[in-house]
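Chains as they are written, first to last, in the numbering used here: chain A, 112 to 545; chain B, 112 to 545.
Every residue gets a Cβ at the ideal spot worked out from N, C-alpha and C, and that includes glycine.
Since the model is a prediction, treat every value here as computed from it, not as a measurement.
Step one of this worksheet: look at the structure below.
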């Protein structure tokens, strides 16, 4: 399904069951925004309001949001909204003047990391954070070779799109990029994954390209969610370091407590990366992202280049991100992700006993990947039907993985046991009617 | 001064006259944010509040902002602050759901462009907009060769930093990038500049690199501000098009009415670009940017690639940018830039009669470049002294140009005649004491 670069769960023009008003919006989008944008679902959703785990359409219907990891502390969380509004009204300017807010935030955020990771650089998007990581890795190692997994997604700048094979065959990979098989559920996954990384290192070197980095999303979201056993990343990280490269943990999706076990996905694996990229949930929707770096890894870049990102680390971004961090910590959302995520997984495993289309489930906290199979084989068409039937039942999720057969479940971290029950009831209703 | 990639007007650690409190902030910055960040001024400014054209330090001192083009409609403009706060509290999500806000904005913004420029794609930063322009230009032309001016700045992604020579010798240019002499004040500037572009085209082709684009900031800000005679860009644009490339107008600095003569800098030159990148003032500090494109130029990219920017075009970004556009239009800020900018230039020219260090002045609306010279020769040291003396007099500007001898004057567009008088009085005070 995704092998040709088609997007899983994309709206196809002319299909679906849109109201005349929504058809008009779709036409306005095509005219004003052009051909590169995509909508979700066979029948796109026209949303106007969000609150907590709920999204509302223009007719006031409520949808349970079991998908959006940006609004991680809940849509329009009042503490975050207030911080954005308050700081916007007072001072919004940049990092070439002294101000306290960005420093207060940097120190609070760095305190959640192992002490080896001592610097924070601020960007506006996860793409910019990974792009900066590329520049720093090249400066530090003298190499350019990057290793990514086979259906990875790391961002949309030219450089980072070139190491995001999930964007499809229409987007060229960089000549200095090598892809390796994603982890599997094999009991030997650590050694297997490291063998792939070592083969990529060897191939880079055979072409005269010095390895610079291995970069992975530490929950392998777009590869289909691979999280166990915790620790399996260690041999691959050892391999890239032995080759003179660095290890970059892309925490744009797993970070900020989502895995339940730890604030950061790499901590589940018992290792300390050289760089850690952050994004999506960092500002609960405000465009703020960043890169956390070992000082010795930043030294070569810092000695020859300066970095300024006009909006990156501005006072409103810092105040908003601080408010998000306060909510994550104050509402104990990592604990909630662990407890509610475990109940979610348990509920799905219970359903799987009655519904054989529910294949393997992989989960860490509130990041769950549920395989959909027919006679044990991946079934992307059935997956798409389930996603769209759930949308009709006003429950929002999507699908992922190279074969498009993995339900991607990653709700706001304020998801409750009652929300899990709501999901499971709707899900069983959909499964019954298949 | 800038020839080694040093930043004009950068704080040098250990110098200046900082309070113990500000010294502590500087130390915290170095520890938490690392070596790649820079502060302005010999003695950095510690700012806590902004309102209109005024910025305030922690002791309540007011500084006249004659520099910041991001807060283009004035720091913390209440209409913009209200829009951000209102939309943040209601719905902040992305472009994969239908919502009206981004479409309303796209249509309102596109209405300010010639009809040939029909599509808007939304990003978070000007860097991302130029990076997307690179991807689209390559897809459209089948080439990769980019031509930029000798001290250009277009952004900080790896690809765009590689076409931003103003970042200095520590940041490599791309192998597919050629630099051309910046425009001069010669009466033959159009032909001269086009000859440089043609030579770059020839050199690209001689190396087997197909030209993809000429990209210029249409006021040549980092080259030292070159704006006259309006129209001089036409022969260079004809040259790149004749070679199969496209022309990208980087309007991150001149756009949104700053030049007074037109909403967009390219309009002064009587031409219609293939793509137009937007940034800094678009959200008055909220991280929002975009790329405006001729539909036929986007076709090749759109046919093979999809584009999604998680925060780009989110509902808050769109509502904030709409509020900025409403203020630009409702407060007639383009007219204000023209009228007040002309008075500003007249005042500087009057001062130049008494102060021979004031060399050539180049100006379009509220974008002014004032050369500082000694015996007619560029004097970066004197320029730095003036910038820092003005900072001591609580007037904020900076310097630019490859030799660091051009005062860069680009205040918020709400700058008034009284603000001009304030500046000129402070400026003459500084000049008298030199």
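CA nearest to the CA of residue i, picked from the options
{"i": "residue 241 of chain A", "options": "A:228, A:272 and A:346", "result": "A:272"}
{"i": "residue 234 of chain A", "options": "B:191, B:359 and B:397", "result": "B:397"}
{"i": "residue 411 of chain A", "options": "B:144, B:205 and B:281", "result": "B:281"}
{"i": "residue 495 of chain A", "options": "A:528, A:152, A:130 and A:456", "result": "A:152"}
{"i": "residue 440 of chain B", "options": "B:222, B:177 and B:125", "result": "B:222"}
{"i": "residue 104 of chain B", "options": "B:182, B:534 and B:419", "result": "Any answer about residue 104 of chain B is impossible in this case: the structure gives chain B only from 112 up to 545."}
{"i": "residue 296 of chain B", "options": "B:474, B:433, B:237 and B:179", "result": "B:474"}
{"i": "residue 170 of chain B", "options": "B:156, B:517 and B:401", "result": "B:156"}
{"i": "residue 501 of chain A", "options": "A:541, A:358, A:520 and A:525", "result": "A:541"}
{"i": "residue 204 of chain A", "options": "B:186, B:511 and B:292", "result": "B:186"}
{"i": "residue 534 of chain A", "options": "A:492, A:455 and A:493", "result": "A:455"}
{"i": "residue 253 of chain B", "options": "B:330, B:201 and B:408", "result": "B:408"}
{"i": "residue 106 of chain A", "options": "A:365, A:239, A:215 and A:246", "result": "No answer is possible for residue 106 of chain A: it lies beyond the span of chain A, which begins at 112 and ends at 545."}
{"i": "residue 460 of chain A", "options": "A:192, A:481 and A:449", "result": "A:481"}
{"i": "residue 251 of chain A", "options": "A:493, A:414 and A:377", "result": "A:414"}
Neighbour flag for residue i against chain A, beta carbons, 8 angstroms
{"i": "residue 171 of chain B", "result": "no"}
{"i": "residue 495 of chain B", "result": "no"}
{"i": "residue 140 of chain B", "result": "yes"}
{"i": "residue 190 of chain B", "result": "no"}
{"i": "residue 530 of chain B", "result": "no"}
{"i": "residue 118 of chain B", "result": "yes"}
{"i": "residue 161 of chain B", "result": "yes"}
{"i": "residue 235 of chain B", "result": "yes"}
{"i": "residue 465 of chain B", "result": "no"}
{"i": "residue 112 of chain B", "result": "The pLDDT assigned to residue 112 of chain B is 35, lower than 50, so where the model puts this residue is not dependable; a value taken from the coordinates is nonetheless given after this. No - not a single Cβ of chain A is within 8 angstroms of the one on residue 112 of chain B."}
{"i": "residue 199 of chain B", "result": "yes"}
{"i": "residue 526 of chain B", "result": "no"}
{"i": "residue 178 of chain B", "result": "no"}
{"i": "residue 427 of chain B", "result": "yes"}
{"i": "residue 256 of chain B", "result": "no"}
{"i": "residue 419 of chain B", "result": "yes"}
Test: residue i CB closer than 8 angstroms to a CB of chain B
{"i": "residue 506 of chain A", "result": "no"}
{"i": "residue 388 of chain A", "result": "no"}
{"i": "residue 202 of chain A", "result": "yes"}
{"i": "residue 196 of chain A", "result": "yes"}
{"i": "residue 145 of chain A", "result": "yes"}
{"i": "residue 181 of chain A", "result": "yes"}
{"i": "residue 267 of chain A", "result": "yes"}
{"i": "residue 127 of chain A", "result": "no"}
{"i": "residue 443 of chain A", "result": "no"}
{"i": "residue 131 of chain A", "result": "no"}
{"i": "residue 104 of chain A", "result": "With chain A running from 112 to 545 in the structure shown, residue 104 of chain A is simply not present."}
{"i": "residue 317 of chain A", "result": "no"}
{"i": "residue 210 of chain A", "result": "yes"}
Residue i in three-state terms, based on DSSP
{"i": "residue 256 of chain A", "result": "strand"}
{"i": "residue 519 of chain A", "result": "strand"}
{"i": "residue 168 of chain B", "result": "strand"}
{"i": "residue 509 of chain A", "result": "strand"}
{"i": "residue 441 of chain A", "result": "helix"}
{"i": "residue 113 of chain B", "result": "Legend: pLDDT at residue 113 of chain B = 38, less than 50; position of this residue unreliable, no value from coordinates given."}
{"i": "residue 178 of chain B", "result": "coil"}
{"i": "residue 482 of chain A", "result": "strand"}
{"i": "residue 456 of chain B", "result": "helix"}
{"i": "residue 195 of chain B", "result": "helix"}
{"i": "residue 201 of chain B", "result": "coil"}
Anticipated Cβ contact below 8 angstroms, residue i with residue j, distance rounded
{"i": "residue 513 of chain B", "j": "residue 283 of chain B", "result": "Actually they are not in contact, since the Cβ atoms of residue 513 of chain B and residue 283 of chain B sit about 18 angstroms apart, beyond 8 angstroms."}
{"i": "residue 195 of chain A", "j": "residue 431 of chain A", "result": "5 angstroms"}
{"i": "residue 129 of chain A", "j": "residue 505 of chain A", "result": "At roughly 16 angstroms, the Cβ-Cβ gap does not stay under 8 angstroms, so residue 129 of chain A and residue 505 of chain A are not in contact."}
{"i": "residue 368 of chain A", "j": "residue 479 of chain A", "result": "15 angstroms between Cβ atoms; not a contact."}
{"i": "residue 323 of chain B", "j": "residue 356 of chain B", "result": "5 angstroms"}
{"i": "residue 386 of chain B", "j": "residue 359 of chain B", "result": "5 angstroms"}
{"i": "residue 524 of chain A", "j": "residue 425 of chain A", "result": "Not quite, the Cβ-Cβ distance comes to about 25 angstroms (not below 8 angstroms), so this is no contact."}
{"i": "residue 161 of chain B", "j": "residue 405 of chain B", "result": "Not confirmed; about 37 angstroms, so no contact."}
Below-8 angstroms beta-carbon distance, residue i vs any chain C residue
{"i": "residue 232 of chain A", "result": "Among the protein chains of the structure shown, namely A and B, there is no chain C."}
Contact test: residue i Cβ vs the ligand FAD heavy atom, cutoff 7 angstroms
{"i": "residue 237 of chain B", "result": "By its list of ligands, the structure shown contains no ligand whatsoever, and the ligand FAD lies outside what it can speak to."}
> In chain order, which alpha helix (DSSP H) runs of at least 4 residues are fully inside the stretch 307–388 of chain A?
Replying inline: Listed in chain order, the complete alpha helix (DSSP H) runs (minimum 4 residues) inside the stretch 307–388 of chain A are 345–353 and 376–379.
> Considering only residues of the stretch 118–159 of chain A, which uninterrupted alpha helix (DSSP H) runs meet the minimum length of 4 residues and lie entirely inside it, listed in chain order?
Replying inline: Here the runs fully enclosed are 131–144.
>> I'd like the ranges of any alpha helix (DSSP H) spanning at least 4 consecutive residues and lying wholly in the stretch 243–294 of chain A.
In response: Taken in chain order, the complete alpha helix (DSSP H) segments of 4 residues or longer contained in the stretch 243–294 of chain A are 269–272.
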